[in-house]
Amino acid sequence: MCFVRGKKFNNDEATKTAIDTFSNSKPTEFFKRGIDHLVKRWQEIIEKGGNYIGD
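Using the working numbering, the letters of the sequence shown map in sequence onto residues 75 to 129.
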């Protein structure tokens, strides 16, 4: 997750708050696209017999 790049959190609660803020700032479509992309990637891995696939 690039949104945490360079950030430091003092405790678990600060980390959870940052993640909640990020999640709440994204539209539903953002998460749908990510899940759809995972399904396609998993299918590629299955088709290649579990071998690594590059980007």
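Just so it is clear, CB atoms sit at the ideal spot from N, CA and C, and this is done for glycine as well.
- Per DSSP, the continuous alpha helix (DSSP H) segment holding Arg-107 begins and ends at 102-121.
- Note that the C-beta distance between Phe-77 and Phe-96 is below 7 Å.
- Annotation: the continuous alpha helix (DSSP H) that includes Phe-96 extends over 86-99.
- Phe-77 sits in a helix when the DSSP states are folded into three classes.
- For the pair Glu-121 and Ile-127, the CB atoms are not nearer than the 7 Å cut-off.
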